[in-house]
Amino acid sequence: MDTPLDPDHCYPALLARDARFDGVWFVAVRTTGVYCRPICRVRPPKRENCRFFPTAALAEAAHFRPCLKCRPELAPLARRWSAMDATDVLAREAVRWLDECSPEMATLPALAAHLGVSERHVRRVFTAVHGVGPLQYLQTRRLLLAKQLLTDTAMPVSEVALASGFGSLRRFNASFADHYRLKPSALRRTSQEATAAAPDTVELRLDLRPPLLGRALLQFLVARAVPGVEQVDVEAMTVLRSVRLSRPGAEDLLGWVQIHLPPDDTERAQVRARLSASLWPAIATLMPRLRRWLDLDADPAAIAAALGDELGGPATGLRLPGTIDRFELAIRAVLGQQVTVAAARTLATRLITRFGERLPPALGAPDGITHAFPPPERLAAATVDDIASLGLPARRAQALITLVQRWPTLAYAQGRGEVTAAIAELVELPGLGPWTAHYMLMRGWSWPDAFPPADVVLKQRMEQRADRALKPSEVAAAAQAFAPYRSYAVLQLWREAAQATSARSARSASGRDAGHKVKHTVKRTIKHMVQRTEESTVKGKAPHASPVATRRTTDPKRRARSAPRPPGAAS
DNA sequence: ACACTAATTTG
DNA sequence: AGATTAGCCTA
1 MDTPLDPDHC
11 YPALLARDAR
21 FDGVWFVAVR
31 TTGVYCRPIC
41 RVRPPKRENC
51 RFFPTAALAE
61 AAHFRPCLKC
71 RPELAPLARR
81 WSAMDATDVL
91 AREAVRWLDE
101 CSPEMATLPA
111 LAAHLGVSER
121 HVRRVFTAVH
131 GVGPLQYLQT
141 RRLLLAKQLL
151 TDTAMPVSEV
161 ALASGFGSLR
171 RFNASFADHY
181 RLKPSALRRT
191 SQEATAAAPD
201 TVELRLDLRP
211 PLLGRALLQF
221 LVARAVPGVE
231 QVDVEAMTVL
241 RSVRLSRPGA
251 EDLLGWVQIH
261 LPPDDTERAQ
271 VRARLSASLW
281 PAIATLMPRL
291 RRWLDLDADP
301 AAIAAALGDE
311 LGGPATGLRL
321 PGTIDRFELA
331 IRAVLGQQVT
341 VAAARTLATR
351 LITRFGERLP
361 PALGAPDGIT
371 HAFPPPERLA
381 AATVDDIASL
391 GLPARRAQAL
401 ITLVQRWPTL
411 AYAQGRGEVT
421 AAIAELVELP
431 GLGPWTAHYM
441 LMRGWSWPDA
451 FPPADVVLKQ
461 RMEQRADRAL
471 KPSEVAAAAQ
481 AFAPYRSYAV
491 LQLWREAAQA
501 TSARSARSAS
511 GRDAGHKVKH
521 TVKRTIKHMV
531 QRTEESTVKG
541 KAPHASPVAT
551 RRTTDPKRRA
561 RSAPRPPGAA
571 S
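Right, here's the structure in full:
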């Protein structure tokens with residue numbers, strides 16, 4: 001259960017509008033019946049009129065309605081990874097399942113069946129951890145999503161009701177009026193010319209805890225962007241990609257999403273997400289995934305503190321790129337084994353061409369977005385030879401096939417259980433080593449505390465910081481200092497390495513270096529850029545770069561950094 | 001600088 | 001319910 005909120009602690013934070021607590025708790029004001037985020041820019045309520053709640057659902061259960069100004073539905077979520085016992089894990093899984101499943105499926109019996117425990121137990125555990133029952137949580141979430149859609153989009157009210165997960169317009173109207181003391185149309189009176197231009201898309205807003213280093217996030221994504229599926233424009237600060245959504249109890253949906261990140265120095269940063277109309281029925285599922293993809297729930301201040309001044313300073317606001325589709329990420333992690341980022345992208349491109357699903361023209365996808373990543377069923381039909389023909393060694397093709405076949409049963413795939421168990425299960429798979437497992441958890445689960453073992457770049461950067469050679473065990477020990485946010489240290493160290501490399505290659509390109517120095521530079525460059533993983537079989541081979549991978553390294557990646565965007569890149 | 005919105009307080 | 005306050009938008 002959440003620790004009770006201490007007004008002595010919360011009230012000053014409220015007066016200070018401390019963003020660190022945004023989404024961590026809400027303040028409800030007795031005299032008005034409204035609850036707000038701590039950052040709300042309204043006249044501060046008197047202390048004796050305040051009540052503090054750890055979640056929006058609890059505030060609503062106490063009959064408060066959300067503020068129309070600070071919009072609690074946009075708030076970043078509170079994250080809890082540490083101190084998880086079995087009860088916490090079960091409650092977390094329950095929330096994720098409720099978030100992701102289709103409305104018809106969202107019943108207590110179905111939830112209990114999914115979790116493999118009795119209904120009574122689900123209810124007890126859920127209430128103990130979240131303070132409200134599963135259905136009340138769901139109700140709150142639906143109402144808040146409806147509120148957002150009414151405010152941000154021109155979507156017809158009947159569509160809003162369905163997209164938010166209500167069974168009928170009538171029940172939606174009744175529920176909305178009941179809880180919020182407002183008619184749905186009351187949120188609609190603002191002018192909607194903005195969306196009139198593109199009636200078959202909706203644009204949503206997502207809030208976060210500033211700062212956001214959007215450029216760094218885009219640079220990570222652009223290096224891995226697969227043509228036809230993803231299009232990143234670092235200058236315009238946009239990401240465009242196709243989306244496949246699979247939900248328990250419903251058919252897959254295809255569509256696309258365009259993300260617009262705010263400039264890095266924006267004070268009140270807000271991300272915008274434009275969605276194709278095809279995705280409306282699954283907005284509830286998509287929103288949390290978008291948040292995890294871009295790591296909008298991160299708490300930069302806490303991360304920077306854990307990383308220390310030297311590393312945490314430059315990393316303040318750095319995000320851990322996650323994924324919308326954990327299956328896609330898993331496959332691409334295997335494709336990326338033992339090869340450079342650029343080579344992995346080439347392989348992924350071939351995979352898309354061969355197995356991807358062409359987007360129907362009716363989706364109205366912007367130019368350049370042509371395919372969706374194949375679902376597990378589709379790849380399950382492939383043979384080892386099919387996969388190997390993409391340019392993978394037979395061994396790795398086999399590893400990929402095994403992963404696909406085991407996918408439906410993996411705890412990792414379902415986001416079930418604890419990190420250590422998920423890693424253990426993944427490492428059991430042939431051809432999948434600890435580096436890949438860590439990487440998969442780091443991005444697929446948004447696990448903040450990964451530190452991929454035996455990573456060459458990480459070892460070098462850690463040695464440089466320690467100013468001496470380190471054994472692998474010493475690297476791991478030194479990384480303990482960054483817990484529980486080692487993933488962010490990883491990102492920052494990778495980033496430093498990439499920046500050092502581009503600085504060196506820029507210097508050598510300008511021809512100011514002496515000959516022997518240039519040679520040295522090139523060698524270092526290659527070492528830094530070969531971001532590979534040991535193909536850790538169970539036998540455990542030492543990592544080494546193949547000459548082929550090494551030669552490919554410098555060239556394509558440098559080109560990728562300054563690649564002009566194709567014409568017609570929508571923005 | 002100004003009109004406007006939404007919340008909070010006051011009576 | 002009316003008055004006040006803070007912040008936002010538009011001019």
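Counting in UniProt numbering, the first sequence runs from 1 upward without gaps. Glycine included, each C-beta is placed from N, C-alpha and C at the ideal position. The structure displayed is predicted, hence computed values, not measured ones.
>> Taking the beta carbon of Thr55 as the centre, do at least 16 other beta carbons fall within 10 Å, making it buried, or is it exposed?
In response: buried
> Taking the runs of the beta strand (DSSP E) that are 3 residues or longer, which of them lie wholly in the region 303 to 366?
Replying inline: none
>> Counting C-beta neighbours from all protein chains within 10 Å, is the total for Arg247 16 or more, i.e. buried, or is it exposed?
In response: buried
>> By DSSP's criteria, Ile259 is part of a beta bridge. Which residues make up the other side?
In response: Val239, Ala273
> Between the C-alpha atoms of Arg468 and Glu425, what's the straight-line distance to the nearest angstrom?
Replying inline: 35 Å
> So is Pro472 buried or exposed if we call it buried at 16+ other beta carbons inside 10 Å?
Replying inline: exposed
> Comparing alpha-carbon positions, which option in Leu410, Val95, Pro66 lies nearest Arg37?
Replying inline: Pro66
> Can you give the beta carbon distance from Gly131 to Leu58, rounded, assuming they're within the 8 Å contact cut?
Replying inline: 5 Å
> Thinking C-alpha only, which one of Glu104, Ser446, Ala506 is nearest Leu296?
Replying inline: Ser446
> How close, in whole Å, do the beta carbons of His9 and Gly33 come, if the pair is a contact with beta carbons under 8 Å?
Replying inline: 24 Å between Cβ atoms; not a contact.
>> Short of 8 Å in beta carbon distance, which residues of its chain neighbour Met287, apart from the five on each side in sequence? Order them along the chain.
In response: Leu145, Leu204, Leu206
> Do you know how far the Cα of Lys69 is from the Cα of Ser41?
Replying inline: Per the sequence shown, the amino acid found at residue 41 is Arg instead of Ser. Looking at the two C-alpha atoms, the distance is approximately 8 Å.
>> Which residue wins for smallest C-alpha separation from Leu213, given the options Gly167, Gln492, Ala497, Ala498?
In response: Gln492
> Between Pro4 and Pro434, what straight-line distance do the alpha-carbon atoms span, to the nearest angstrom?
Replying inline: 39 Å
> In this structure, what does DSSP give as the bridge partners for Phe26?
Replying inline: Phe53
>> Using a Cβ-Cβ cutoff of less than 8 Å, which residues in the same chain neighbour Leu108 once the five nearest sequence positions on both sides are dropped?
In response: Glu119, Val122, Arg123, Pro134, Leu135
> Buried or exposed: which applies to Glu60, given that a residue is buried once 16 or more other Cβ atoms fall within 10 Å of its Cβ?
Replying inline: buried
> What is the DSSP secondary structure of His130, counted as helix, strand or coil?
Replying inline: helix
> When you compare only the Cα positions, how much space is there between Ala348 and Leu187?
Replying inline: 44 Å
>> Within 8 Å, do at least three Cβ pairs link the region 298 to 307 to the region 474 to 488?
In response: yes
>> Less than 7 Å between C-beta atoms, sequence neighbours within five positions excluded: which residues of the same chain meet that for Gln219?
In response: Val234
> Given Ile39, which residues of its chain have a CB within under 7 Å of its CB, disregarding the five upstream and five downstream residues?
Replying inline: Arg17, Ala19, Asp22, Cys70
> Between which two residues does the alpha helix (DSSP H) containing Leu204 stretch?
Replying inline: Where Leu204 is concerned, there is no enclosing alpha helix (DSSP H), although the beta strand (DSSP E) it sits in stretches over 201 to 207.
> Any idea what DSSP makes of Pro7, helix, strand or coil?
Replying inline: helix
> Considering only C-alpha positions, which residue in the set Ala330, Gln405, Ala477 is nearest to Ser423?
Replying inline: The sequence given here places Ile at residue 423; Ser does not occur at that position. Nearest option by C-alpha distance: Ala330.
> Can the beta-carbon of Arg319 be found less than 8 Å from the beta-carbon of Leu294?
Replying inline: yes
> Going by Cα to Cα distance, which pick from Thr153, Ile324, Glu230 is closest to Arg443?
Replying inline: Ile324
> Pick from Leu149, Pro227, Ser185, Leu90: whose alpha carbon is nearest that of Ala113?
Replying inline: Leu90
>> I'd like to check one pair, Thr201 with Ala274: are the Cβ atoms closer than 8 Å?
In response: It should be pointed out that residue 274 corresponds to Arg in this sequence rather than to Ala. Contact: yes.
> Looking at the structure shown, is Val34 part of a helix, part of a strand, or coil, going by DSSP?
Replying inline: strand
>> Given a cut-off of 8 Å on the beta-carbon distance, is the pair Ile259 and Val243 in contact?
In response: no
>> Pairs of beta-carbons, one from the region 305 to 316 and one from the region 351 to 359, closer than 8 Å: are there three or more?
In response: no
> Would Thr31 be called buried (16 or more neighbouring beta carbons within 10 Å of its own) or exposed?
Replying inline: exposed
> Which residue or residues does DSSP assign as beta-bridge partners of Ala250?
Replying inline: Arg247
>> Looking only at its chain, what residues have a beta carbon closer than 7 Å to the beta carbon of Gly417, apart from the 5 residues adjacent to it on each side?
In response: Val89, Ala411
> Could you give the distance in angstroms between the alpha-carbon of His544 and the alpha-carbon of Ser82?
Replying inline: Here the model assigns His544 a pLDDT of 34, short of 50, so the residue's position is not dependable and the matter cannot be decided.
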